[in-house]
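A quick write-up on the structure given underneath.
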Amino acid sequence: MEIKIIELTEDKAKLTFVGENHTYMNLLKEVIITNPDVDVVQYYSEYTFSDPILLVTTKNKKNPIDIIKTAAQQISKDCASLLAQIEKA
Amino acid sequence: MDIAFSRLESEVAKFVLSESIPAFANSFRRTMISDVPKLAIEDVIIYDNNSALFDEMLAHRLGLIPLKTNLSEYKKKSECSCGGEGCSLCESVYTLSAEGPCLVKSSDLIAQNPDAAPVTGEIPIVKLEKGQKVVLEAHAEINTGLEHAKWQSTLACGYKTYPVITIGDNCDACGHCADECARHVLKLAKKSVEVIDGKLIDCSMCKLCEKACVGSGWEDAAIRISSDNTKFVFVVESDGSLPVKEIMTYALTDLKDKSDSLVDVLTNISGAL
Amino acid sequence: MSGYKCARCKQKVEIDINVRCPYCGHRILFKERGAGIKTVKAR
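Residue numbers (the working numbering), protein chains in the order written: chain A, 20 to 108; chain B, 120 to 392; chain C, 29 to 71.
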């Protein structure tokens with residue numbers, strides 16, 4: 020996955036996800052928002068087919084990058100557990 | 120997250136995804152539809168065609184024929200070592216020659232690689248009258264449903280939230296809701312209506328039962344339909360090009376790989392700071 | 029240039045000035061398919 024940093028401070032991150040669409044962005048956003056340290060999370064595309072931009076701001080100066088990383092790890096874990104179950108079925 | 124199959128065949132799967140969130144269910148569905156690759160005819164070289172269909176129409180019909188796909192055998196053309204020119208690693212070649220009067224079917228499409236033949240030979244392509252002739256060569260390549268619907272390996276692929284039927288104490292067992300239910304989910308028991316065992320999953324949440332309940336004189340309906348936002352009833356149907364299990368596995372692996380590479384990239388970013 | 033075919037007498041016709049079959053005088057001609065190979069995208 021390719022990422023471009025637009026803005027990165029200690030409690031705010033604005034990243035462009037190159038080549039992604041709602042399929043992954045919506046899931047990522049919904050997983051990030053379950054984290055209690057998150058203040059605001061939203062993604063948007065400037066134009067319909069342009070690359071989506073993810074905005075994350077956090078409470079208590081928590082590192083937003085770590086929060087996105089935790090969310091991605093969570094998704095990866097869920098997929099792995101489902102894959103293991105499908106393999107058995 | 121848990122997955123429980125109620126049906127798993129090569130072309131159809133029905134399952135319940137539980138302890139999940141709506142966003143995950145939707146991502147999973149969208150990935151299965153648009154990110155799972157398969158073979159479909161892309162380039163058609165027409166040597167002769169005096170049939171009733173135009174060349175473009177004929178090519179379009181050929182493109183929509185599902186082809187058996189072995190994903191380990193073919194690569195995406197853009198990622199192939201031939202550089203997009205087309206070689207045996209990224210292309211499957213078919214020939215078709217037919218002379219009327221006849222009905223040209225997908226079985227007339229002769230594949231160079233029999234493992235990549237059309238899923239069924241019964242798909243009509245064009246009807247030829249006496250003297251009409253079609254001779255062509257077709258090249259199939261791997262791509263995803265995001266590019267064009269002909270590369271979409273699922274037919275019916277969708278989900279609904281798990282229905283929850285709550286029957287209140289004020290139910291007087293009038294049976295109006297059970298009569299109204301189009302899916303025959305409810306039955307009349309001694310004191311109140313009940314959900315028939317194993318039928319809950321069939322409920323389409325049309326709420327006709329709620330309406331019938333209100334109509335029978337209750338101010339507040341005794342039966343209430345709601346949905347469980349953590350459980351999802353999926354139906355996935357394949358067009359035969361790939362087994363459903365492979366479609367599901369591929370979609371989940373795709374989501375997992377995306378997440379893993381995102382973790383890698385983010386680790387690099389925080390390391391660089 | 030690809031040839032034409034008369035719709036009535038099915039003879040091969042060349043068009044010079046008039047759109048008219050020189051054999052039977054019929055004025056409806058069909059354009060014949062060229063001999064070239066055509067490549068189309070299946071979309």
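Cβ coordinates follow ideal geometry from the N, Cα and C atoms, glycine included.
Tell me which residues share the same chain as residue i and place their Cβ nearer than 6 Å to its Cβ, disregarding the 5 neighbours each side in the sequence.
| i | result |
| --- | --- |
| V254(B) | Y166, D167 and S216 |
| K375(B) | none |
| W270(B) | K157, A159, N262, T263 and G264 |
| P83(A) | A32, V75 and T77 |
| V363(B) | A132, V355 and S357 |
| L208(B) | K194 and C199 |
Going by Cα to Cα distance, which pick from the options is closest to residue i?
| i | options | result |
| --- | --- | --- |
| G203(B) | H258(B), F134(B), S380(B) and G317(B) | H258(B) |
| E241(B) | A230(B), V223(B) and K252(B) | V223(B) |
| D58(A) | D97(A), K81(A) and E65(A) | K81(A) |
| A301(B) | L371(B), A331(B), L172(B) and V283(B) | A331(B) |
| E161(B) | N262(B), I388(B) and D379(B) | N262(B) |
| S170(B) | H54(C), G53(C) and R61(C) | R61(C) |
| S191(B) | E365(B), S272(B) and C201(B) | E365(B) |
| V75(A) | E21(A), M20(A) and I25(A) | I25(A) |
| V396(B) | K306(B), S139(B) and K194(B) | No answer is possible for residue 396(B): the residues shown for chain B start at 120 and end at 392. |
| I286(B) | M176(B), F124(B) and E329(B) | E329(B) |
| S64(A) | L102(A), Q104(A), A99(A) and K33(A) | K33(A) |
| K249(B) | P220(B), I284(B), K309(B) and E256(B) | P220(B) |
| T183(A) | Q104(A), T28(A), A103(A) and H41(A) | Outside the displayed span of chain A (20 to 108) sits residue 183(A), for which this structure offers no information. |
| V68(C) | D154(B), R148(B), E175(B) and E128(B) | E175(B) |
| E218(B) | N387(B), S360(B) and Q251(B) | Q251(B) |
| K246(B) | V212(B), L172(B) and S360(B) | L172(B) |
| A103(A) | A297(B), L371(B) and G390(B) | L371(B) |
| P243(B) | S129(B), K318(B), H179(B) and A297(B) | H179(B) |
| I105(A) | E210(B), Y213(B) and R126(B) | R126(B) |
Taking only beta-carbon positions, decide if residue i is within less than 7 Å of chain B.
| i | result |
| --- | --- |
| Q92(A) | yes |
| K66(C) | yes |
| L46(A) | yes |
| A70(C) | yes |
| K107(A) | no |
| D120(A) | Not covered by the structure: residue 120(A). The range shown for chain A is 20 to 108. |
| Y62(A) | no |
| L73(A) | no |
| Q49(A) | Residue 49(A) is actually Glu in this sequence, not Gln. Closer than 7 Å to some Cβ of chain B, the Cβ of E49(A) qualifies, so yes. |
| Y42(A) | In the sequence under discussion, the amino acid at residue 42(A) is Thr, which differs from the Tyr named in the question. T42(A) counts as touching chain B. |
| K88(A) | yes |
Tell me which residues share the same chain as residue i and place their Cβ nearer than 8 Å to its Cβ, disregarding the 5 neighbours each side in the sequence.
| i | result |
| --- | --- |
| L47(A) | Y62, L73, I87, A90, A91 and I94 |
| V41(C) | G31, Y32, K33, C34, C49, P50, Y51 and L57 |
| P237(B) | I184, P185, L186, K187, S225, S226, L228 and A230 |
| N189(B) | D234 and A235 |
| A123(B) | F134, V135 and S137 |
| E39(A) | M20, D70 and P71 |
| I140(B) | N348 and T349 |
| A292(B) | L307, A308, K309, K310, S311 and V312 |
| I22(A) | L34, T35, F36 and V37 |
| S153(B) | T263, G264, L265 and Q271 |
If we define contact as Cβ-Cβ less than 7 Å, is residue i a contact residue for chain C?
| i | result |
| --- | --- |
| Y213(B) | no |
| V163(B) | yes |
| L181(B) | yes |
| I244(B) | no |
| I108(B) | With chain B running from 120 to 392 in the structure shown, residue 108(B) is simply not present. |
| I160(B) | yes |
| Y193(B) | no |
| Y166(B) | yes |
Nearest chain A C-beta to residue i closer than 7 Å, yes or no?
| i | result |
| --- | --- |
| M176(B) | no |
| F351(B) | no |
| D379(B) | yes |
| V131(B) | no |
| M151(B) | no |
| L172(B) | no |
| L385(B) | yes |
| S389(B) | yes |
| T273(B) | no |
| T366(B) | One detail in the question is off: residue 366(B) reads as Ile in this sequence, not Thr. For I366(B), the answer is no, since every Cβ of chain A falls outside 7 Å of its Cβ. |
If I measure Cβ to Cβ from residue i and keep anything under 7 Å in the same chain, skipping five residues before and after, which residues do I get?
| i | result |
| --- | --- |
| S67(B) | The structure shown does not extend to residue 67(B), since chain B spans only 120 to 392, so no value can be given for it. |
| D85(A) | none |
| S146(B) | L374 |
Since residue i and residue j should fall inside the 8 Å C-beta cutoff, what is the C-beta to C-beta distance between them, to a whole number of angstroms?
| i | j | result |
| --- | --- | --- |
| A235(B) | L158(B) | 6 Å |
| M120(B) | D97(A) | 5 Å |
| N54(A) | A142(B) | So it is not a contact: roughly 14 Å between Cβ atoms. |
| A144(B) | M367(B) | Not really, about 13 Å apart at Cβ, beyond 8 Å. |
| L265(B) | D358(B) | No, L265(B) and D358(B) are not in contact; Cβ-Cβ is about 16 Å, not under 8 Å. |
| T77(A) | D56(A) | 5 Å |
| F353(B) | Y281(B) | Wrong, their Cβ atoms sit about 11 Å apart, outside the cutoff. |
| I344(B) | M324(B) | 5 Å |
| Y369(B) | V155(B) | 5 Å |
- Please specify which runs of the alpha helix (DSSP H), each continuous and at least 4 residues long, are wholly inside the segment 25-65 of chain A, giving them in chain order. 41-51, all fully within the segment 25-65 of chain A.
- Task: May I have a chain-ordered list of the beta strand (DSSP E) segments no shorter than 3 residues that lie completely inside the segment 305-387 of chain B?
- Result: Counting whole runs of 3 or more residues, the segment 305-387 of chain B contains the beta strand (DSSP E) stretches 305-307, 312-314 and 342-357.
- Message: Threshold first: 3 residues or longer. Then list the beta strand (DSSP E) segments lying entirely within the segment 199-257 of chain B, N to C.
- Response: Those beta strand (DSSP E) runs which fall completely within the segment 199-257 of chain B and span 3+ residues are 210-218, 221-224 and 243-247.
- Task: Just list the alpha helix (DSSP H) runs in the segment 135-167 of chain B, keeping only unbroken ones of 4 residues or longer that don't cross its boundaries, in chain order.
- Result: Correct list: 141-153.
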